[in-house]
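Student: Position 134 of the sequence shown, counted from 1, bears residue number 134 in full-length UniProt numbering, the numbering being contiguous throughout.
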Amino acid sequence: MAEAPPAGRRIRKAVFPVAGLGTRFLPATKTVPKEMLPIIDRPLIQYAVDEAIEAGCDTLVFVTNRYKHAVADYFDKAYELEQKLERAGKTEQLELVRHVLPEGVRAVFVTQAEALGLGHAVLCARPVIGDEPFAVLLPDDLIWNRGPGALKQMADAAQASGASVIATQDVPRAQTGSYGIVATDDFRGRQGRITAMVEKPDPASAPSTLAVVGRYVLSPRIFDLLEATAPGAGGEIQLTDAISALLREQPVLAYRFQGTRFDCGTHIGLVEATIRYALDHEVLSDAARQMMQSALGEMGVVDQE
Ligand code: G1P
1 MAEAPPAGRR IRKAVFPVAG LGTRFLPATK TVPKEMLPII DRPLIQYAVD
51 EAIEAGCDTL VFVTNRYKHA VADYFDKAYE LEQKLERAGK TEQLELVRHV
101 LPEGVRAVFV TQAEALGLGH AVLCARPVIG DEPFAVLLPD DLIWNRGPGA
151 LKQMADAAQA SGASVIATQD VPRAQTGSYG IVATDDFRGR QGRITAMVEK
201 PDPASAPSTL AVVGRYVLSP RIFDLLEATA PGAGGEIQLT DAISALLREQ
251 PVLAYRFQGT RFDCGTHIGL VEATIRYALD HEVLSDAARQ MMQSALGEMG
301 VVDQE
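Shown next as structure tokens:
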């Protein structure tokens with residue numbers, strides 16, 4: 001009988017790289033970091049944070065830059081606002097404001113002094129992570145699922161296998177240039193061992209159409225490899241390049257998670273996510289459906305003219 005793989009440690013810490021400039025969403029991102037753009041009434045960062053907490057994380061490390069006070073302010077206590085809501089007897093809203101983070105979960109802020117790339121941002125979290133497996137979540141990638149969140153699925157797979165685990169999904173070949181792309185051994189169920197990984201390849205030379213989505217469970221060995229990683233695609237220190245080195249030493253699994261991913265780093269992705277969350281919303285759903293139907297109807301009439 002085959003030996004059971006060594007079980008890994010459960011992840012407890014999650015890194016959120018939030019130091020990007022968000023230029024695609026200018027002028028909004030002149031003052032509002034893109035991670036604070038809302039889907040209905042919650043900022044993107046809140047969805048990623050909730051997913052990490054659901055997966056078992058109790059230490060959240062935000063890698064920010066010196067202009068991004070809004071993210072830190074959001075997770076800080078809002079004394080004046082809480083007092084006002086309390087005095088006004090607005091208990092429901094007070095709970096919302098107070099429970100941005102649940103009891104027992106702590107937020108740590110680390111500054112990335114220079115925008116040297118995603119790999120560099122993750123490396124900035126090293127002093128807080130230390131020597132244990134950890135998660136990285138890119139809040140731009142919003143993943144919706146009725147069942148367990150994507151990171152929980154991956155954390156379970158990582159714990160069971162002792163391997164690093166990277167979220168992946170199939171994309172049209174024409175889009176490989178926007179993603180990290182992996183080559184893998186055959187899949188067993190949702191996971192397959194990664195044999196190669198390349199950042200943003202041309203569609204003609206991409207090793208497959210299986211793209212990396214912004215959720216990673218990584219071995220702490222990645223930090224030494226990041227230290228040794230030279231600037232790659234776009235002149236940036238790429239997480240993908242360090243993972244390429246990691247998979248030569250340790251198993252790294254591609255994981256086809258269950259759920260729908262919205263690329264909220266693009267205008268259309270943010271619109272799509274808003275529509276889907278509105279349609280699934282317990283209060284807004286009916287109104288949203290009717291509004292969309294009548295909007296489509298009216299536009300149809302206009303188109304025929
Ligand atoms: C980053 C990663 C890329 C990954 C993508 C997922 O790219 O470098 O490998 O596929 O996130 O969203 P970015 O979108 O930051 O350019």
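In this text, a Cβ means the ideal position worked out from N, Cα and C, and glycines have one as well.
Values in this document were obtained by computation on a predicted structure and should not be read as measured data.
Is there at least one non-hydrogen atom of ligand 1 closer than 6 Å to the beta-carbon of Leu279?
Tutor: It does not: the Cβ of Leu279 is nowhere closer than 6 Å to a heavy atom of ligand 1.
Student: Which same chain residues, not among the five before or five after Glu305, have their C-beta less than 8 Å away from its C-beta?
Tutor: Here the model assigns Glu305 a pLDDT of 48, short of 50, so the residue's position is not dependable and the matter cannot be decided.
Student: Bridge partners of Ser164, per DSSP?
Tutor: Note: Ser164 sits in a beta bridge opposite Val252.
Student: Reducing DSSP to helix, strand and coil, say where Met1 ends up.
Tutor: Reliability fails at Met1, whose pLDDT of 49 lies under 50, so the model's placement of it is uncertain and the value that follows must be treated cautiously. Three-state DSSP puts Met1 in coil, outside helix and strand.
Student: What does a CB cutoff of less than 6 Å around Ala278 pick up in its chain, not counting 5 residues either side in sequence?
Tutor: So the list reads Leu284, Ala288, once near-sequence residues are dropped.
Student: Does DSSP put Leu279 in a helix, a strand or coil?
Tutor: In this structure, Leu279 counts as helix in the three-state DSSP scheme.
Student: His120: buried (16+ other C-beta within 10 angstroms of its C-beta) or exposed?
Tutor: Buried, since its Cβ has 16 or more Cβ neighbours within 10 Å.
Student: For the beta strand (DSSP E) containing Gly192, list its first residue and its last residue.
Tutor: Start and end: 191-199.
Student: If you follow the alpha helix (DSSP H) that Leu94 is in, where does it begin and where does it stop?
Tutor: Here the alpha helix (DSSP H) through Leu94 covers 91-98.
Student: Check whether the region 97-109 and the region 178-197 touch, using three or more Cβ-Cβ pairs below 8 Å as the test.
Tutor: Because the criterion of three Cβ pairs below 8 Å is not met, the region 97-109 and the region 178-197 do not touch.
Student: Candidates Leu138, Gly20, Asp58, Val217: which alpha carbon is nearest Arg66's?
Tutor: With distances taken between Cα atoms, Arg66 lies closest to Gly20.
Student: Looking at the strands, I want to know which residues DSSP matches up with Thr111.
Tutor: Paired residue(s): Thr64.
Student: If the criterion is Cβ atoms closer than 7 Å, does the pair Leu118 and Leu239 meet it?
Tutor: Yes, the pair counts as a contact, with Cβ atoms nearer than the cut-off.
Student: Out of Leu81, Thr59, Val100, Ala72, state which residue places its alpha-carbon closest to the alpha-carbon of Arg42.
Tutor: When only C-alpha atoms are compared, the closest one is Val100.
Student: Lys152: which of Thr176, Ala233, Glu54 sits nearest, CA to CA?
Tutor: Looking at the Cα atoms, Glu54 is the closest of the given residues.
Student: Using only CA atoms, which one of Ile275, Ala204, Val198 lies nearest to residue 307?
Tutor: Within the shown structure, residues of the chain are numbered from 1 to 305, placing residue 307 beyond reach of any answer.
Student: Go through its chain and collect everything with a Cβ distance to Thr274's Cβ below 6 Å, but skip five positions before and after it.
Tutor: Excluding sequence neighbours, Thr274 sits near Ile39.
Student: May I ask you to report which of helix, strand or coil DSSP gives Val32?
Tutor: If DSSP states are grouped into helix, strand and coil, Val32 belongs with coil.
Student: Cβ of Gly119 versus every heavy atom of ligand 2: is any distance shorter than 6 Å?
Tutor: This structure lacks ligand 2; the ligands present are ligand 1.
Student: If you follow the alpha helix (DSSP H) that Ile40 is part of, which residue opens it and which one closes it?
Tutor: Ile40 -> no alpha helix (DSSP H), and no H or E assigned at all.
Student: Taking Cβ positions, are Pro139 and Ala72 nearer each other than 7 Å?
Tutor: Going by C-beta atoms, Pro139 is not nearer than 7 Å to Ala72.
Student: DSSP has residue 311 in a bridge; who is on the other side?
Tutor: Beyond the ends of the chain as shown, which are 1 and 305, falls residue 311; an answer cannot be given.
Student: Among all the DSSP beta bridges, which residues are the ones paired with residue 323?
Tutor: Residue coverage of the chain in this structure runs from 1 to 305, which leaves residue 323 outside it and unanswerable.
Student: Go through its chain and collect everything with a Cβ distance to Gly269's Cβ below 6 Å, but skip five positions before and after it.
Tutor: Here the set comprises Phe262, Asp263.
Student: My output table needs one value for Thr23: the three-state DSSP class, helix, strand or coil.
Tutor: Helix, per DSSP.
Student: For Glu51, does the count of other Cβ atoms within 10 angstroms reach 16, so buried, or fall short, so exposed?
Tutor: That one is buried.
Student: Do Phe62 and Phe109 have their C-beta atoms closer together than 7 Å?
Tutor: Yes, these two residues count as a Cβ contact at 7 Å.
Student: Mind checking whether Arg221 and Glu132 have CB atoms under 7 Å apart?
Tutor: Cβ atoms of Arg221 and Glu132: not closer than 7 Å.
Student: Quick check on the DSSP output: the alpha helix (DSSP H) that includes Leu123 runs from which residue to which?
Tutor: Where Leu123 is concerned, the enclosing alpha helix (DSSP H) stretches over 118-124.
Student: With 16 other CB atoms within 10 Å as the buried threshold, where does Asp286 fall?
Tutor: Burial call: exposed.
Student: Excluding the 5 residues preceding and the 5 following Ala158 in the sequence, name in chain order all residues of the same chain whose CB lies nearer than 6 Å to its CB.
Tutor: These residues qualify, in order along the chain: Gly8, Val165, Val217.
Student: Is Val49 helix, strand or coil by DSSP?
Tutor: Correct three-state label for Val49: helix.
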